[in-house]
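Presented below is the structure to which this report refers.
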Amino acid sequence: MRALTVSHYVKFFTDSFNYSILWSTIVLGVKATILCLVFGYPIAWICARARPRWQTVLLFLVILPIMTSVVVRTFSWIVILGRQGILNQIVLGLGLTSEPLRLLFTELGVVIVLAQVQMPLMVLPILTVMSKTDPNLADASRALGAGEWRTLWKVTLPLSLPGVIAGCILTYSASVTAFVTQTLIGGARLVYMPLHIYQQAVGANNWPFAAAISVIFMVAVLVIVYLLNLLTRITPSDAEV
Amino acid sequence: MPSPHASVDWESLSLRFAFGALTAVAVVFLVGPSLIVLLTSLTASQSLRFPPDGLSLRWYYALLTADQMQQAAWTSLVVAFWTTAVASILGTAAALAISRSQGAWARVFDLLFMSPLLLPALAFGFAALVFIYQLGLRPSIAFLILGHVVVCVPFVLRTTLAALTQLDPSLIDASASLGAGGAMTFRRVTLPLIGRGVGAGAFLAFMASFDNVPVSLFLADERTEVLPIHLWQQIETNLDVRTAAVSGVIVIVTLVLMLAAERFAGLTRQMR
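If you're matching them up, the sequences are chains P and H in order.
If you're matching positions, the first sequence starts at 0 in numbering that gives the first Met the number 0 and goes up one per residue.
If you're matching positions, the second sequence starts at 0 in numbering that gives the first Met the number 0 and goes up one per residue.
Shown next as structure tokens:
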């Protein structure tokens with residue numbers, strides 16, 4: 000390194016190929032986070048109300064995937080999602096479609112697998128906040144005539160928002176950086192930022208450009224984490240109402 | 000209000016049913032893949048068809064002669080062992096210092112040590128490689144372990160900090176006023192009380208190191224090939240059934256280790 004230059008950053012932002020990769024990585028993270036939230040919130044809700052023994056069993060099952068080697072997990076999804084995979088055998092066997100579904104090497108496939116892998120990162124923070132919340136508040140809401148759904152919407156959900164945001168931050172940052180899952184399920188044609196960095200660093204041996212992409216990617220992750228964090232500061236005042 | 004009880008019950012039931020159903024689907028979704036890989040690995044045929052054509056342990060026997068795979072597994076175990084040892088000591092020390100200090104520096108260091116959890120590990124792996132070359136050195140197993148330590152310390156730091164916040168400071172004061180020195184207080188009072196937190200963190204660090212791809216990708220070479228990378232290459236090139244058998248072994252060992260960690264360190268409680 001002899002002189003400093005910003006040319007690699009200029010190169011990144013002048014080639015639309017680069018920021019289409021950045022954009023699709025961000026979109027991928029958002030989709031996986033939403034899927035995690037849709038399933039993760041109910042899990043945490045059920046868990047918070049379960050007896051201690053069942054709570055442990057449920058949590059154990061939730062943590063199981065994140066503890067199992069990521070390569071193994073991804074491998075099992077290849078067996079499930081492949082052209083002659085289990086899912087296609089079921090779908091074709093039931094006559095739901097005439098052609099095998101294409102899930103492997105698609106964004107949908109990557110989102111599904113990411114959601115399975117990152118689920119605990121969503122469930123655990125929500126559960127932590129929920130179990131610290133005074134159960135009398137929900138009881139009071141019901142005693143004042145609000146139904147369960149209304150209580151969920153007006154009391155439980157706002158109070159658990161810090162947990163939801165923490166969960167979203169963790170799932171999001173884990174999903175956008177999940178190199179193994181993205182590469183094995185997405186294949187070579189779906190390029191996301193981590194693979195882009197790897198290809199530039201190892202494939203093209205262009206270290207300065209790979210470094211520039213790394214920095215841009217890290218900043219992009221941090222900006223979104225920061226924005227989500229800002230929400231935490233806004234929410235408590237709402238929750239107190 | 001006409002019969003409020005009936006309507007409240009219906010609401011409660013519908014919510015419970017909706018959330019219960021979503022949880023049930025999620026549990027199948029979470030556990031299913033591990034079960035399927037176990038069943039696939041027991042196939043008697045040459046293919047990864049599901050359901051298997053017949054059950055046998057032949058692919059597990061085939062592992063006994065898979066030299067490269069065994070070598071990779073051994074390297075992974077060695078790296079994970081040293082990573083866990085170093086990360087546990089550093090993580091505990093950092094947690095002790097951070098929990099004692101109220102200053103802004105403590106929060107900065109906390110954030111710094113936790114950052115590998117949020118930032119892309121691949122970028123760190125690449126940066127570490129560039130750094131090693133800038134120093135005029137070459138990647139080696141020691142650097143591989145150090146790289147793993149950086150990404151595994153957050154697990155120990157987090158569980159130990161959580162355990163320290165539950166620790167009653169008056170116990171430390173009592174120990175000191177009874178004449179025990181700093182080292183003695185740490186060994187006889189602090190460590191036994193935070194031991195489960197450190198233990199759970201060490202377990203998580205071990206699993207994270209054994210599983211790590213992004214850092215190993217840059218810092219490992221042919222001599223130090225680790226199991227996840229070896230498996231990955233197997234999956235990308237030829238999907239052979241031995242891969243399913245190794246996966247089966249990993250799933251079972253993970254399950255056994257998790258049950259042990261739950262029994263001795265209260266894993267599910269430590270992770271909350």
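Glycine included, every Cβ here is placed at the ideal spot set by N, Cα and C.
### Neighbour flag for Ser-159 of chain P against chain H, beta carbons, 9 angstroms
no
### Closer than 9 angstroms to chain H by CB, Gln-198 of chain P
No, its Cβ sits nowhere closer than 9 angstroms to a Cβ of chain H.
### Message
Could you give the first and the last residue of the continuous alpha helix (DSSP H) run that contains Met-129 of chain P?
### Response
106–131
### Query
By Cβ distance, which residues of its chain are closer than 6 angstroms to Val-252 of chain H, with the 5 residues on each side in sequence left out?
none
### Query
Who does Phe-54 of chain H pair with in a DSSP beta bridge?
Before going on, a small fix: residue 54 of chain H reads as Leu here, not Phe. BP columns for Leu-54 of chain H point to H:Thr-42.
### Query
So with Cβ pairs under 9 angstroms, would you call Ser-87 of chain H a contact of chain P?
Chain P, which has no Cβ nearer than 9 angstroms to the Cβ of Ser-87 of chain H, makes this no.
### Message
If distances are taken between C-alpha atoms only, which option among P:Ala-165, P:Phe-38, P:Phe-16 and P:Val-69 comes closest to Ile-228 of chain H?
### Response
P:Val-69
### Task
Give a yes or no on contact between the region 168–175 of chain H and the region 247–266 of chain H, applying the rule of three or more CB pairs nearer than 8 angstroms.
no
### Task
Using beta-carbon positions only, say whether Phe-178 of chain P and Ala-120 of chain H come within less than 9 angstroms of one another.
yes
### Query
If you count every other CB in all the chains shown that lies within 10 Å of the CB of Ile-79 of chain P, and 16 or more means buried, which is it?
buried
### Query
Okay, do the region 147–162 of chain H and the region 71–82 of chain H touch, 3+ Cβ pairs below 8 angstroms being the bar?
The region 147–162 of chain H, when compared against the region 71–82 of chain H, does touch it at the 8 angstroms Cβ threshold.
### Task
Note the first and the last residue of the continuous alpha helix (DSSP H) segment covering Asp-167 of chain H.
Premise fails: Asp-167 of chain H is in no alpha helix (DSSP H) and is neither H nor E.
### Query
If we cut at 9 angstroms on Cβ distances, does Arg-72 of chain P have a partner in chain H?
So yes, Arg-72 of chain P belongs to the interface.
### Selection from H:Thr-236, H:Asp-52 and H:Leu-95 that minimises the alpha carbon distance to Gly-186 of chain P
Closest option to Gly-186 of chain P, Cα to Cα, is H:Thr-236.
### Message
Contact criterion: CB-CB distance below 9 angstroms. Does Thr-158 of chain H meet it with respect to chain P?
### Response
no
### Task
Measuring only between beta-carbons, confirm whether Ala-182 of chain H sits less than 9 angstroms from chain P.
no
### Query
Within 10 angstroms of its Cβ, does Gly-247 of chain H collect 16 or more other Cβ (buried), or is it exposed?
buried
### Task
Under the assumption that Trp-158 of chain P contacts Leu-136 of chain P (Cβ atoms under 8 angstroms), give the Cβ distance between them as a whole number of angstroms.
The question names Trp, but residue 158 of chain P in the sequence shown is Leu. Leu-136 of chain P and Leu-158 of chain P do touch by the CB rule: their CB atoms are close to 7 angstroms apart, below 8 angstroms.
#### Entry: Contact list for Val-224 of chain P against chain H, beta-carbon separation under 8 angstroms
Leu-117
#### Entry: CB contact below 9 angstroms: Leu-111 of chain H versus chain P
no
#### Entry: Classification of Gly-144 of chain P by the beta-carbon crowding that lies within 10 angstroms, buried from 16 upward
exposed
### Task
Using beta-carbon positions only, say whether Gly-162 of chain P and Cys-35 of chain P come within less than 9 angstroms of one another.
no
### Query
Which bits of chain P does Trp-231 of chain H rub up against, with CB to CB less than 8 angstroms?
Val-70, Val-179 and Leu-183
#### Entry: Gly-108 of chain P burial status per 10 Å Cβ neighbour count (16 or more: buried)
buried
### Task
Taking Leu-38 of chain H as the reference, give the member of P:Ile-85, P:Lys-30 and P:Glu-106 with the closest Cα.
P:Ile-85
### Query
By the criterion of Cβ-Cβ separation under 7 angstroms, what are the contact partners of Pro-41 of chain P in chain H?
Phe-18, Leu-21 and Thr-22
#### Entry: Contacts around Lys-30 of chain P, its chain only, beta-carbon distance under 7 angstroms, and the 5 residues preceding and following it disregarded
Within the same chain, Cβ atoms closer than 7 angstroms to the Cβ of Lys-30 of chain P are found at Val-110, the five residues on either side in sequence being excluded.
### Within 9 angstroms, strictly: CB atoms of Gly-39 of chain P and Met-118 of chain P
yes
### Query
Closest Cβ-Cβ distance between Leu-190 of chain H and chain P: below 9 angstroms?
no
### Query
For Val-71 of chain P, which three-state DSSP category applies?
helix
#### Entry: Pick from P:Trp-44, P:Thr-67 and P:Gly-28 that is closest to Pro-32 of chain H, judged by C-alpha positions
P:Thr-67
### Query
In terms of residue numbering, what span does the alpha helix (DSSP H) encompassing Thr-74 of chain H cover?
66–99
### Task
Drop a sphere of 10 angstroms on the beta-carbon of Gly-92 of chain P, count the other beta-carbons inside from all chains shown, and report buried for 16 or more, exposed for fewer.
exposed
### Task
Anything in chain P within Cβ reach of Leu-76 of chain H, meaning under 9 angstroms, just list it in chain order.
Result: empty, since nearest Cβ-Cβ is about 13 angstroms, beyond 9 angstroms.
### Task
Just the chain P side, please: which residues come within less than 9 angstroms of Ile-249 of chain H by C-beta, in chain order?
Per Cβ cutoff of 9 angstroms: Thr-67, Ser-68, Val-70 and Val-71.
### Task
Please name the residue, chosen from H:Gly-90, H:Val-26, H:Pro-51 and H:Gln-45, that lies closest to Leu-60 of chain P on a Cα-to-Cα basis.
The residue with the shortest Cα to Cα distance from Leu-60 of chain P is H:Val-26.
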